[in-house]
Amino acid sequence: MSEKNELEREKISRAPVGVFDSGVGGLTVAREIMRNLPDEKIVYFGDTARVPYGSKSKDTIIRYSRQIIRFLKTQKVKAIVIACNTASALALEEVEKELDIPILGVLKPGARVAASVTRNKKIGVIGTESTINSRMYDRFIRAQDPEISVYGKACPLFVPLVEEGWLKDPVTEEVARRYLDELMQKGIDSLILGCTHYPLLRSLVRKIVGEEVTLVNPAYETAKELESLLRREGIENHGGKADPSEGYQFFVSDAADKFKNFANSILPYDIETTRKINIEEY
């Protein structure tokens, strides 16, 4: 490799990773990146003005994703993580053809792990209506093992309940029991938390499904997949950071203070500012 190319790669390696979601759910992915790739910088965008994505059409989700990607590219990101199952299911295959930087979603990492941990070949998936109706998890899991049965259950009330911060409310538990009962009757032994908001309900889901069901959190698996991708491309950040909490920027399309307060309740480091932008301009 020439010295010029080496310098260019070194410059790229110090650039941030772009992460986006419909709202606060993608913070579960950002949290895992912070924990597992502490040298990497992050530019996060939460589309809080247009959440939830789960009931919107494929064309709308693709349009939103393109706008957000255009914004993230203005921030000179070196790679993008779609930290949203709905956008990963409906937009990833479309937008990755248009990009000159690596991009990954959250579905394949979660599907791969679920297929490897199931013992009775019965996997449950909970997600938004769009994610479940896309049957993308079915496709990816059966690509690993065609004998696996996949049972999907749309849980449209979970995202608004999480966005409101009702993580331990009795109403949320009652809703969760109604959603999960159907899957438990199928005899599943593994359950994919197929929306990045759902790991925030992990303890509640665990209480309902019991210890025998393996919970698969695609947020963690996605962080590990990102680590592999950056290493493969030779653009992981070796430079380190003087302060582990530096190098994280957060943008939203609405309700910046509410987002910041929620983020500070779940991230390993407090964020001082969240900037609101008009995403329709991109």
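In this note's numbering, each residue's number is its place in the sequence shown (first place is 1) plus 70.
Just so it is clear, CB atoms sit at the ideal spot from N, CA and C, and this is done for glycine as well.
Per DSSP, the beta bridge partners of Gly116 are Asp91 and Val322. DSSP places Val121 outside both helix and strand once states are collapsed to three, so it counts as coil. By the beta-carbon neighbour count (other beta carbons within 10 angstroms, threshold 16), Glu282 is exposed. In its chain, beyond the 5 residues on either side, Asn190 and Lys192 have a beta carbon closer than 8 Å to the beta carbon of Gly257. Rounded to whole angstroms, the gap between the alpha carbons of Leu142 and Asn307 is 18 Å. The alpha-carbon of Gln214 is positioned some 11 Å away from that of Tyr207.
In the three-state scheme derived from DSSP, where H, G and I count as helix and E and B as strand, Val176 is classed as coil. In the displayed model, Val165 falls within a helix according to three-state DSSP.
In the three-state DSSP reduction, Lys330 falls in the helix class (H, G or I).
In this structure Leu174 does not touch Lys128 by the C-beta definition: roughly 19 Å separates them, more than the 8 Å allowed. Check the Cα spacing between Val99 and each of Glu252, Ala246 and Pro338: the tightest is with Pro338. Annotation for Tyr221: the continuous beta strand (DSSP E) segment containing it runs Ser219 to Ala224.
Excluding sequence positions up to five before and after Leu107, its CB lies within less than 6 Å of the CB of Glu297, all in the same chain and listed in chain order.
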